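Those sequence lines, one after another, are chains A and B.
When the letters of the first sequence are read in order and numbered with my numbering, they come out as residues 11 to 259.
When the letters of the second sequence are read in order and numbered with my numbering, they come out as residues 63 to 384.
No residue lacks a Cβ here, since even glycine has one placed at the ideal position from N, Cα and C.
What you are looking at is a predicted structure, and each value in this text was computed from that prediction instead of being measured.
One structure below.
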Amino acid sequence: MKRILVGIKRVADSSTRVRVKPDGSGVALDGVKMSINPFDEIALEEALRIKERGAADEVVVASVGAADWQQQLRTALAMGADRALLVQSDAPLESLDVARILLQLVKREQPFAVILGKQAIDDDNSQTGPMLAALWERPQATFASKIELREGTAVVTREVDAGLEVLEVELPAVFTTDLRLNEPRYVKLPNILQAKKKPLEVLTLASLGIGPRARVKLVRVEPPPVRSKGIAVKTAAELVEALQKRGVI
Amino acid sequence: MSSKVLIVAEHADGRLNPAIAKCMRCARTLPDAQVSVAVLAADGGAVAAQAAALEGVAEVLRVDHPANAHPIASILAPQVAQLAPPFTHVLGPTTTFGKDLMPRVAALLDVPQISDIMAVVNARCFRRPIYAANAIATVEVAADTKIVATVRTASFEAVAAAATPAAVRAVSTTAQLPTYTRFVSVSAPHADRPDLQSARRIISGGRGLGSADNFALLYRVADKLGAAVGASRAAVDAGYVRNELQVGQTGKIVAPELYIAVGISGAIQHLTGIKDARTIVAINKDGEAPIFEVADIGLVGDLFEILPELERLLAARQARAQ
Ligand SMILES: Cc1cc2nc3c(=O)[nH]c(=O)nc-3n(C[C@H](O)[C@H](O)[C@H](O)COP(=O)(O)OP(=O)(O)OC[C@H]3O[C@@H](n4cnc5c(N)ncnc54)[C@H](O)[C@@H]3O)c2cc1C
Ligand SMILES: Nc1ncnc2c1ncn2[C@@H]1O[C@H](COP(=O)(O)O)[C@@H](O)[C@H]1O
């Protein structure tokens, strides 16, 4: 069975503006719309396209999170994933612990490709993909904007600061997605109904033999500093004058 | 307790990336810091010399190996991990190089990573942006845990040049280097423009520019200002400019003295990338665009009239100055 494993993280929707809780203990997520991390949607879309081209037989989505993450896994199944795994953990985990858990799933599922997002848009960590690749002792191709599968390898175009870099990695490998890799499909209503029948397996941390270590403590969360109110100018000439006055030109 | 810090140098074509001088500033704000810089290259002589010339560097570790010709994380990480034991902190820049490499190093060392340090509270406690910098988290790493981190370069000024350069020591590692990743190519550097992440002035265009050809209007103003050119994601997606010009949460975080946003609405993901700009100018025909909420100077109007006028005024000003 040629399998692709895709990581799915549940995050506050990218269109919402989150607020810091007054007591500084975190951000307020009550009543906030939750979605699949946008980069993970792209990861899933890529996996589905690979399967549709006949280069994979099965797409498995996996989350390490609380019980309500099942909602996003169901959405992923409605998009076209074949089955879902939820490793249940109520406390948020450090990326390294998520990577350790994903490694256990990798050992179980034996995928030829693991596709994750390049970053989760809540913690903006950008860590899990390379960490999993290190633990698995396999290659990584991060920030992918194009993935071409060959015989036993993948040729990947990566969005790096210098522009575009191309790497060839032997499979199995870990990929992380950049925004321009693809545009995810919309979920259709009949698929949502169908997805209810697809398998979603819930696992415990204990069954994988992993205890989270919590070595980074969140001390407090604050809102960012606000910029002081600006001025309005009416013409390009006034703009040049204002810039001169501020000494920036 | 003193901090023993190792900074992993990013470099290309024999040049040290300017981000390293900023990591150096971050490293020096750690208590009682003693800082080494590791240069992993095929032939790291020139880069090691540049690193040794940064103020505050105690020693440069030069690790020459043919496999280090290109910055491939799976090859560099085991070598960095082998250099790490004497150090309390291992730092890299929050660039695509650092984001690719440092988590791999952290995993090999079996320690968590702190991404995107924007301020040092103490040797184990840091401030970092989350939720596209809509919140700032203070995090603390448990005692006895080596700290692996990336440094948000927009938050730190580059250090100056050292009065006397540090010593360079050649070292070799016995790390097993995997052969399962092959470098194929990288786009040629565009040396025609100032680099976004170290530019003092940036002018960026968004979807409002309407086409790749229209970006010429922006480039002409950039030339008059000596500015780097940036773009919103929408402008990149529409194919107006190259991907490496994207500014924002998923592009580059910039910290120029002057940032001019033209035809950019100001989505939070874009604003994340420009919050550290000293002066933000917005030019947009929609007075309600969110970009005006963060702008120090706002000009409501049609960019197709304003940009040529701006170019003319700046040219006239230059002529007067000569
Ligand atoms: C996960 C995620 C990550 C993202 N990362 C980034 C990122 O890193 N960087 C980024 O930029 N975006 C990012 N985005 C996209 C972001 O949400 C916005 O879609 C994008 O920034 C919009 O670009 P824009 O302002 O150019 O386009 P628009 O929002 O379409 O704005 C165009 C503006 O041009 C103005 N305009 C039009 N014509 C004229 C004229 N003739 N004269 C003057 N003004 C004119 C309009 O009034 C409008 O305000 C991300 C989104 C997601 C979901
Ligand atoms: N709890 C999680 N469950 C499943 N996948 C995750 C989880 N956390 C992170 N990932 C994956 O790792 C990527 C990067 O996350 P991060 O390292 O937190 O920025 C995400 O886009 C997901 O694909």
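Any C-beta of chain B under 9 Å from that of residue i
{"i": "A/T85", "result": "no"}
{"i": "A/S24", "result": "yes"}
{"i": "A/S136", "result": "yes"}
{"i": "A/R13", "result": "no"}
{"i": "A/Q129", "result": "yes"}
{"i": "A/V258", "result": "yes"}
{"i": "A/I241", "result": "yes"}
{"i": "A/D121", "result": "Residue 121 of chain A is actually Pro in this sequence, not Asp. False, the Cβ-Cβ gap to chain B never drops below 9 Å."}
{"i": "A/A189", "result": "The amino acid at residue 189 of chain A is misidentified as Ala; the sequence shows Leu. Yes, its Cβ sits closer than 9 Å to a Cβ of chain B."}
Residue i and residue j closer than 9 Å at C-beta
{"i": "B/I82", "j": "B/L116", "result": "yes"}
{"i": "A/V179", "j": "B/R244", "result": "yes"}
{"i": "B/G76", "j": "B/A113", "result": "no"}
{"i": "B/V210", "j": "B/A237", "result": "no"}
{"i": "B/I192", "j": "A/D134", "result": "yes"}
{"i": "A/V74", "j": "A/L106", "result": "no"}
{"i": "B/I345", "j": "B/V316", "result": "no"}
{"i": "B/P174", "j": "B/T207", "result": "yes"}
{"i": "B/V298", "j": "B/L287", "result": "no"}
{"i": "B/M86", "j": "B/V125", "result": "no"}
{"i": "A/V37", "j": "A/V28", "result": "yes"}
{"i": "B/V303", "j": "B/G328", "result": "no"}
{"i": "B/A290", "j": "B/R255", "result": "yes"}
{"i": "A/I60", "j": "A/I157", "result": "yes"}
{"i": "B/H332", "j": "B/G268", "result": "yes"}
Pick from the options that is closest to residue i, judged by C-alpha positions
{"i": "A/E161", "options": "A/L39, A/A65, A/E56 and A/R13", "result": "A/A65"}
{"i": "B/S98", "options": "B/D162, B/P128 and B/S65", "result": "B/S65"}
{"i": "B/P240", "options": "A/A143, A/A123 and A/V231", "result": "A/A143"}
{"i": "A/A154", "options": "A/M44, A/F49, A/V42 and A/F122", "result": "A/F49"}
{"i": "B/L369", "options": "B/R186, B/S266, B/T156 and B/V233", "result": "B/S266"}
{"i": "B/A274", "options": "B/A290, B/R263, B/D257 and B/A296", "result": "B/A296"}
{"i": "A/R20", "options": "A/P194, A/A77, A/F185 and A/V116", "result": "A/A77"}
{"i": "A/E248", "options": "B/P352, B/D285, B/L365 and B/G360", "result": "B/G360"}
{"i": "B/C187", "options": "B/C88, B/A103, B/K161 and B/D338", "result": "B/C88"}
{"i": "B/A278", "options": "B/E373, B/V201 and B/A185", "result": "B/E373"}
{"i": "A/E55", "options": "A/R148, A/L189 and A/K31", "result": "A/L189"}
{"i": "A/Q137", "options": "B/A135, B/D254 and B/S249", "result": "B/A135"}
{"i": "A/L213", "options": "A/D92, A/S24 and A/R118", "result": "A/R118"}
{"i": "B/A194", "options": "A/G240, A/P149, A/L83 and A/Q129", "result": "A/Q129"}
{"i": "B/P148", "options": "B/I69, B/A204 and B/R262", "result": "B/I69"}
{"i": "A/G34", "options": "A/A246, A/E175 and A/R230", "result": "A/R230"}
{"i": "B/N184", "options": "B/L123, B/L92 and B/Q380", "result": "B/L92"}
{"i": "B/P128", "options": "B/L365, B/P80 and B/Q141", "result": "B/Q141"}
{"i": "B/V283", "options": "A/E232, A/V243 and A/V250", "result": "A/V250"}
Residue i at chain A interface by Cβ criterion, 9 Å
{"i": "B/K161", "result": "yes"}
{"i": "B/H252", "result": "yes"}
{"i": "B/N305", "result": "yes"}
{"i": "B/D358", "result": "yes"}
{"i": "B/A197", "result": "yes"}
{"i": "B/F277", "result": "no"}
{"i": "B/F218", "result": "no"}
{"i": "B/V201", "result": "yes"}
{"i": "B/G363", "result": "yes"}
{"i": "B/S247", "result": "yes"}
{"i": "B/M164", "result": "yes"}
{"i": "B/D172", "result": "yes"}
{"i": "B/I326", "result": "no"}
{"i": "B/F366", "result": "no"}
{"i": "B/P256", "result": "no"}
{"i": "B/L153", "result": "no"}
{"i": "B/Y242", "result": "yes"}
{"i": "B/F354", "result": "yes"}
{"i": "B/I82", "result": "no"}
8 Å Cβ cut-off: residues of chain E touching residue i
{"i": "B/I176", "result": "Annotation note: the requested chain E is absent from the structure, which comprises protein chains A and B."}
Practice item. Give me every residue whose Cβ sits closer than 5 Å to any heavy atom of ligand 1, in chain order. Key: A/S24, A/P48, B/G268, B/R269, B/G270, B/S294, B/R295, B/A296, B/G310, B/Q311, B/T312, B/G313, B/G325, B/I326, B/S327, B/A329, B/Q331, B/H332, B/N346, B/K347, B/D348, B/A351, B/D364 and B/L365
Exercise for review: Give, in chain order, every unbroken run of the beta strand (DSSP E) that is at least 3 residues long and sits entirely within the region 139 to 185 of chain A.
Suggested key: 150 to 159, 163 to 170 and 173 to 180
Review point. So which residues put a beta carbon under 7 Å from any heavy atom of ligand 2, going in chain order?
Key: A/G17, A/I18, A/K19, A/N47, A/F49, A/D50, A/A53, A/A72, A/S73, A/V74, A/G75, A/L103, A/S105, A/V108, A/L112, A/L126, A/G127, A/K128, A/Q129, A/A130, A/D133, A/D134, A/N135, A/S136, A/Q137, A/T138, A/G139 and A/T186
**Study point:** 3-residue-minimum beta strand (DSSP E) runs that sit fully inside the region 242 to 318 of chain B, ordered along the chain
**Key:** 243 to 248, 263 to 267 and 290 to 293
Point to revise | Secondary structure, beta strand (DSSP E): runs of 3+ residues fully inside the region 193 to 251 of chain B | key: 197 to 203, 209 to 213, 229 to 232 and 243 to 248
Check your understanding: Can you list, in chain order, the stretches of the alpha helix (DSSP H) that have 4 or more residues and sit fully within the region 129 to 165 of chain B?
Key -> 135 to 145
Review point. Of all the alpha helix (DSSP H) runs that stay within the bounds of the region 68 to 143 of chain A, which reach a length of 4 or more residues?
Key: 80 to 89 and 105 to 119
Exercise for review: Mind listing, in chain order, the continuous alpha helix (DSSP H) runs of no fewer than 4 residues lying wholly within the region 312 to 383 of chain B?
Suggested key: 330 to 333, 353 to 356 and 365 to 383
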